[in-house]
Amino acid sequence: MATKDESAAQTEEQLKHQIQALREKLEAAQIASQTALTSPPTTSSTHFLLLLSDSALPLGSFAFSSGLESYLSHGPRGTTSFASFLPSSLSTYASTSLPFVLAAHREPKRLAELDDQLDAAVVCTVGRRASVAQGRALLSIWERSFRATVSPGAETAVLKEYSALLRSCSSDEIPVASAHLAPLFGAVCSVMGLSLRQTAYVFMLGHVKALVSAAVRASMFGPFQAQKVLASENVPRWIDMLIKREWSTPVEEAGQTVPVMDLWIGRHEVLYSRIFNS
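Per my numbering, numbering through the sequence shown is continuous, rising by one, with the last residue being 554.
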């Protein structure tokens, strides 16, 4: 009987030790969790996110209206509005460009391939010209400003090789690289440490800000109304919805969702007078 009592006592003592050990692990986990919540986020990716979302980033976006100026000129007077144009333009931008941004971020080594695929998929010459101009501007920003602040690695080597490929192109032959904005943006954001979702959101928000800026210069509304548009709940809701829609879209399925947008952008060149390049 004494043996059984001793065995039971030992078992109880072991259980107490196990419970105490579990409590200590739980307390340690809680302390670690609280420390993670209270400690500041990594400054590197946050800093680059703010740089890439800055309106002062010299991409040349101010020179393009993405069809807004043509939309205002071709629509019947009194029927055109920014509120109706913005969601259509966002849908088009997401369906035609966002899959390439996401693919380049996931696999930066495919940059040249993705750029070539996007160049083949672009229907509108005016839209292609705008995309290439902004893409080359981003590549110049990377080389002149950002590259020195990022540790060398396999992904930075991809951008270096792509830049060399672009410079090797002759104007007398079909270019092997065009430098479209979407795949370059995805690759640069990947190198700079932005998450996939951050990259997608900054890319789409940049388009909204460019459109709002164009609307102000086209005298559709003033700067205070512009900030009201950017601060509205519709903008983040639309962006989140479009990111979710295109999250798993392969680049082979990227395409136009608002065909008339290509017509507006394409007709921009025939306007009698214009203040934007597209």
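Ideal Cβ positions, reconstructed from N, Cα and C, are used throughout, including at glycine. From a predicted model like this one, the values you see are computed outputs, not experimental measurements.
Buried or exposed, going by whether 16 or more other CB atoms sit within 10 Å of the CB of residue i?
i	result
S221	In the structure displayed, the chain extends from 277 to 554; residue 221 sits before or after that span and is not available.
F500	exposed
E289	exposed
A424	exposed
P265	It is not possible to answer for residue 265, since the shown part of the chain is limited to 277 through 554.
H293	exposed
V399	exposed
H323	exposed
L313	Any reading at L313 must be qualified, since the residue scores a pLDDT of 42, below 50, and its modelled position is unreliable; no value is offered.
E303	exposed
I295	exposed
V402	buried
G565	Because the chain is modelled from 277 through 554, residue 565 falls outside the range shown and cannot be assessed.
L325	buried
S444	exposed
V484	buried
G498	exposed
S427	exposed
A409	buried
Assuming contact is defined by CB atoms lying nearer than 7 Å, are residue i and residue j in contact in what I supplied?
i	j	result
A502	V511	no
G411	A455	yes
P223	A530	One cannot answer for residue 223 here, as it falls past the ends of the chain, which runs 277 to 554.
L442	A433	no
T368	V534	yes
L390	A379	yes
L275	S421	With the chain represented from 277 up to 554, any question about residue 275 goes unanswered, as that position is not in the structure.
A486	L344	no
A476	I541	no
F340	M496	no
F555	V377	A question about residue 555 goes unanswered here, because the residues of the chain that appear run from 277 up to 554.
Could you check how far apart the C-beta atoms of residue i and residue j are, in whole angstroms? I think they sit under 8 Å.
i	j	result
Y438	L387	5 Å
S321	G469	4 Å
V467	L435	6 Å
R382	L298	No, R382 and L298 are not in contact; Cβ-Cβ is about 40 Å, not under 8 Å.
S371	E522	7 Å
Is it a yes or a no for the stretch 513-522 touching the stretch 363-375, going by three-plus beta-carbon pairs under 8 Å? yes
Touching by the beta-carbon criterion (3+ pairs, under 8 Å), the stretch 331-345 and the stretch 404-423: yes
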